[in-house]
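Counting in my numbering, the sequence shown runs from 23 upward without gaps.
All remarks here apply to the structure that follows.
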Amino acid sequence: MFESSLPDIPRIYTALTEWIACIICVYPIKEEINRGFVIISILTLLGQIALQLLVANWPLMLWIPGMLLNILWMGLTIYLLAELHPSMLFMFLVKAFILSEFLASIVWQIYVTFILDTSLANNLLVECLNFIGIIALILAIVIFGITRLIMCV
Numbered sequence: 023m024f025e026s027s028l029p030d031i032p033r034i035y036t037a038l039t040e041w042i043a044c045i046i047c048v049y050p051i052k053e054e055i056n057r058g059f060v061i062i063s064i065l066t067l068l069g070q071i072a073l074q075l076l077v078a079n080w081p082l083m084l085w086i087p088g089m090l091l092n093i094l095w096m097g098l099t100i101y102l103l104a105e106l107h108p109s110m111l112f113m114f115l116v117k118a119f120i121l122s123e124f125l126a127s128i129v130w131q132i133y134v135t136f137i138l139d140t141s142l143a144n145n146l147l148v149e150c151l152n153f154i155g156i157i158a159l160i161l162a163i164v165i166f167g168i169t170r171l172i173m174c175v
């Protein structure tokens, strides 16, 4: 096991979880998922990945501006997908940011704890299955919770 600190979360994990969180927060309020929604979703995903890869090369002293830039991109993603009033947009952005940080950290924590020091480490299939499995489980819980909240209102 590692003696010091956790290895950094891969940028691709962060980009994917930021995008997934935006989609999850917007999905319940969308009346229909049309072609435009899918195209914007794909473009914002590609932008999120590109942005994460870009800021990965910035010096550590620019970490906070890089984080703010990613949060702004998440806000743009939510705005383009849901066209919300600014006050609602901010609420959705905060929820998406918290969810994305949780998703990225829990997926990476599970990988580091159970897979990193084994023969399965550095296996792309194992990494993908870990990522998809954990995300699917957590999102099922989140979606179930949102659905139950909507039914109670």
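Cβ coordinates follow ideal geometry from the N, Cα and C atoms, glycine included.
Just to confirm the assignment: which complete alpha helix (DSSP H) runs, minimum length 4, are found wholly within the stretch 47-128?
Listed in chain order, they are 57-77, 85-104.
Closer than 8 Å is the cut-off here; do at least three beta carbon pairs connect the stretch 63-82 with the stretch 41-49?
Because the criterion of three Cβ pairs below 8 Å is met, the stretch 63-82 and the stretch 41-49 touch.
Leaving aside the five residues before and after residue 88 along the sequence, list all residues of the same chain whose C-beta is less than 8 Å from its C-beta, in chain order.
Counted from its first residue, the sequence shown places residue 88 at position 66. Excluding sequence positions up to five before and after residue 88, its CB lies within less than 8 Å of the CB of 77, 80, all in the same chain and listed in chain order.
Verify whether the separation of the beta carbon atoms of residue 115 and residue 100 is less than 7 Å.
Your numbering for residue 115 matches position 93 in the sequence shown. Your numbering for residue 100 matches position 78 in the sequence shown. With respect to the 7 Å criterion, residue 115 and residue 100 are classified as neighbours on the basis of their beta carbons.
May I have the straight-line CA-CA distance separating residue 175 from residue 138, to the nearest angstrom?
Within the sequence shown, the letter at position 153 stands for residue 175. Within the sequence shown, the letter at position 116 stands for residue 138. Reliability fails at residue 175, whose pLDDT of 48 lies under 50, so the model's placement of it is uncertain and no value is given.
Assigned secondary structure, residue 143 (DSSP; H/G/I helix, E/B strand, else coil):
The residue given as residue 143 occupies position 121 in the sequence shown. Coil, per DSSP.
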